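Undergrad:
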Amino acid sequence: MSDPVPQRRRVRVWFGDHVVADFRAEAEVAERYAAVMSRRFAGLRVTCEPIPGAEPGPDRALPGERLWEVAPK
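Those letters in the sequence shown? Residues 336 to 408, per the working numbering, in order.
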């Protein structure tokens, strides 16, 4: 018997009808990413959806450094 295929999810950050970030990973990592993006971009819609029939494959690693700065309010 083989191990079950881990559930993969697609996280997208939306600015209106435009996707400004698109990330795919195993469910646990994708959900953490979605939570961080929701806090970082509180005014934008963030979706985290299962990828139907997804085969395991290489994930893009999360960046190790900050790609931009957000000024405090």
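Think of the CB as a built atom: it goes at the ideal place given N, C-alpha and C, for glycine as much as any other residue.
Given the structure is predicted, the values throughout are model-derived calculations rather than measurements.
1) If you run the structure through DSSP and keep just helix, strand and coil, what is A362?
2) Short check: CB of V348 to CB of V381, under 7 angstroms?
3) Give me, in chain order, the residues of the same chain whose beta-carbon lies closer than 7 angstroms to that of I386; leave out the 5 immediate sequence neighbours on both sides.
4) Would you kindly report the start and end of the unbroken beta strand (DSSP E) that includes P385?
5) Which first and last residues belong to the beta strand (DSSP E) in which F376 is found?
TA: Considering the structure as presented:
1) helix
2) yes
3) R343, R344, R345, R359
4) 380-385
5) Segment: none, F376 is in no beta strand (DSSP E) and carries neither H nor E.
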